[in-house]
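In our numbering, the protein residues as written are 1 to 192.
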């Protein structure tokens with residue numbers, strides 16, 4: 001939506017960008033239109049208020065209370081997000097919701113296609129193995145959840161330690177490669 005020329009002049013006057021003839025023309029317009037002049041005055045008041053916002057003083061002892069919370073480790077910056085606590089459970093639930101129906105469909109399909117007791121027993125064994133693996137994963141995720149709850153800085157530490165271990169592993173591999181003797185290629189040239 002385009003502004004009409006008078007409103008554009010109002011904005012320029014508020015920004016103190018009108019000079020000379022343009023400013024005189026704008027002043028004449030305001031004198032001829034009192035409702036626009038009132039509107040311009042209200043805009044000027046808002047502009048002055050926004051340029052000098054009021055400052056509120058902090059309550060007595062506010063800084064000391066915040067510093068005490070930080071020292072005690074109870075500040076909100078150290079709190080675990082609520083999503084972090086349910087992340088392992090949500091991941092396991094999502095995995096189960098996807099894998100279990102897929103396994104059931106595969107078992108029914110295999111049973112229908114082959115009608116073999118051996119194949120069904122094999123698939124049954126695979127389901128049992130998957131159940132055992134998922135139980136181990138549940139215990140591991142519960143342990144990790146307890147670790148993160150007890151030590152909130154553990155994820156940050158792991159994100160730092162793992163890349164450093166990878167870097168050191170690469171460095172050891174690289175240095176071992178350099179200490180091994182390089183193969184020498186000899187090219188014989190015969191005179192013709």
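Glycine is no exception: its CB is placed at the ideal position from the N, C-alpha and C atoms. Please read all numbers here as calculations on a predicted model, not as lab measurements.
When the options are compared against residue i, the one with the closest alpha-carbon
| i | options | result |
| --- | --- | --- |
| residue 89 | 60, 124, 138 | 138 |
| residue 91 | 4, 123, 134 | 134 |
| residue 36 | 176, 5, 56 | 5 |
| residue 53 | 45, 60, 59 | 45 |
| residue 107 | 123, 153, 39 | 123 |
| residue 41 | 7, 175, 163 | 7 |
C-beta atoms of residue i and residue j nearer than 8 Å
| i | j | result |
| --- | --- | --- |
| residue 13 | residue 26 | yes |
| residue 94 | residue 127 | no |
| residue 10 | residue 50 | no |
| residue 148 | residue 155 | yes |
Close-in-space but distant-in-sequence residues of the same chain around residue i (CB under 6 Å, 5 per side omitted)
| i | result |
| --- | --- |
| residue 65 | none |
| residue 145 | 88 |
Sequence-distant residues of the same chain with beta carbon closer than 7 Å to residue i, five excluded per side
| i | result |
| --- | --- |
| residue 141 | 88, 92 |
Same chain, Cβ closer than 8 Å to residue i, five either side skipped, listed in chain order
| i | result |
| --- | --- |
| residue 171 | none |
Inset, instruction - Could you pull out every unbroken alpha helix (DSSP H) segment of at least 4 residues lying fully inside the stretch 44 to 73, listed in chain order? - result: 62 to 72
Legend entry - Every unbroken alpha helix (DSSP H) inside the stretch 123 to 159 [4 residues or more]: none
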